[in-house]
Amino acid sequence: MSDAIIPIAFFLILAGAIVAVAKFQTQRSRERDIEYAQAMEGYRKALDSVTAQQEAIRTQLTELNVRVQSMESMLRAVE
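In terms of our numbering, the sequence shown is numbered consecutively and its last residue is 101.
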């Protein structure tokens, strides 16, 4: 009976070490995933902002195009 205690204790300690390492790796992976999700949220907000600015610029360009066309037609009428 006493001969079995040492191998059993060794395997229990080994199993505990494996479980501890797996737990810490999982925790580190979760922290990395959270940081990644936060970064992606920041990128999404920046993309939304840029998209809104691009739409505003596109609207201004359309208005300017209409003005240039009207000026061009006025200049052609003078000739």
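For every residue, glycine included, the Cβ atom is placed at its ideal position computed from N, Cα and C.
In whole angstroms, what is the alpha-carbon distance linking residue i and residue j?
i, j, result
"alanine 44", "tyrosine 58", "21 Å"
"glutamine 76", "isoleucine 40", "53 Å"
"isoleucine 30", "glutamine 49", "28 Å"
"glycine 38", "methionine 62", "36 Å"
"arginine 80", "arginine 66", "21 Å"
"aspartate 55", "alanine 68", "20 Å"
"aspartate 25", "phenylalanine 32", "12 Å"
"leucine 92", "alanine 78", "Reading off the sequence, residue 92 comes out as serine, not leucine. Looking at the two C-alpha atoms, the distance is approximately 21 Å."
"leucine 86", "glutamate 53", "50 Å"
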